[in-house]
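Chemist: In this text, residue positions in the sequence shown follow the numbering used here: the first is 391, and each later residue adds one. Virtual Cβ for every residue (Gly too), placed ideally from N, Cα, C. Keep in mind the model is a prediction, meaning the values are calculated, not measured.
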Amino acid sequence: MADWSFWLVAAGATVILELFSGTFYLLMIAIGLTSGALAALLGFGMATQTLLAAVVGVAATVLLRRSRFGKLENRTEAARDPNVNMDIGQTVHVPAWQDGAARVMYRGALWDVELETGAAAGSGAAPGQYTIREVRGSRLIVAA
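Rendered as structure tokens:
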């Protein structure tokens, strides 16, 4: 087998592993391995092929890490993320409050409801419509 075919087999195996891991990092390494195959096709020696594969793989990984797909700090908690929990942003009617808590019928079941931490207990504890901001187990955290 030619050198380029070994590089492509390694890149293919890395892509298959990436499909099982669910991250893009192994895909970036596969891009590096593919560049090693291209170097082999162009007739470079094994040392140059390996160096090029390593440099391209590391550079692709660094670029991924700096992109929006590699940043972890932009992610929100699942309890507050409307893309994860369909209840976030929905409204509920609270008939009466008792010490900052209430029970309401929502989606055919009784739920415990409490005011969001930043909501003032005096002004926010009036009966009425409230928006769900977070779901903690069977407790809805709401704000006016």
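Rounded to the nearest angstrom, what separates A419 and L530 at their Cα positions?
Modeler: Ala is not the amino acid found at residue 419; the sequence shown has Ile there. Those two C-alpha atoms are separated by around 44 Å.
Chemist: Ignore the nearest five residues each way along the sequence and tell me which others in Q519's own chain have a CB closer than 7 Å to its CB.
Modeler: Correct list, in chain order: T481 and H483.
Chemist: If you draw a straight line from the C-alpha of T604 to the C-alpha of L423, how long is it?
Modeler: Outside the displayed span of the chain (391 to 534) sits residue 604, for which this structure offers no information.
Chemist: What is the residue span of the beta strand (DSSP E) that G518 lies within?
Modeler: It spans G518 to R526 - the beta strand (DSSP E) in which G518 sits, taken as one unbroken run.
Chemist: Count the other C-beta atoms from every protein chain shown that fall within 10 angstroms of the C-beta of S528, then say buried if there are 16 or more, exposed otherwise.
Modeler: Exposed, since its Cβ has fewer than 16 Cβ neighbours within 10 Å.
Chemist: Would you identify the three-state DSSP class for L407, choosing helix, strand or coil?
Modeler: Correct three-state label for L407: helix.
Chemist: Since V503 is in the beta strand (DSSP E), which residue starts that stretch and which ends it?
Modeler: Note, V503: beta strand (DSSP E), A499 to L505.
Chemist: Which residues bound the alpha helix (DSSP H) around I421?
Modeler: Y415 to L431 is the extent of the alpha helix (DSSP H) around I421.
Chemist: Taking DSSP's pairing of strands, which residues face A534 in a bridge?
Modeler: Answer is none; A534 lacks a bridge partner.
Chemist: Do L398 and A430 count as a contact pair if the criterion is CB distance below 7 Å?
Modeler: Taking 7 Å as the Cβ cut-off, A430 and L398 do not qualify as a contacting pair.
Chemist: So what's V544 in DSSP terms, helix, strand or just coil?
Modeler: Only positions 391 to 534 of the chain appear in the structure, and residue 544 is not among them; the question remains open.
Chemist: Which residues share a DSSP beta bridge with R529?
Modeler: BP columns for R529 point to D502 and R526.
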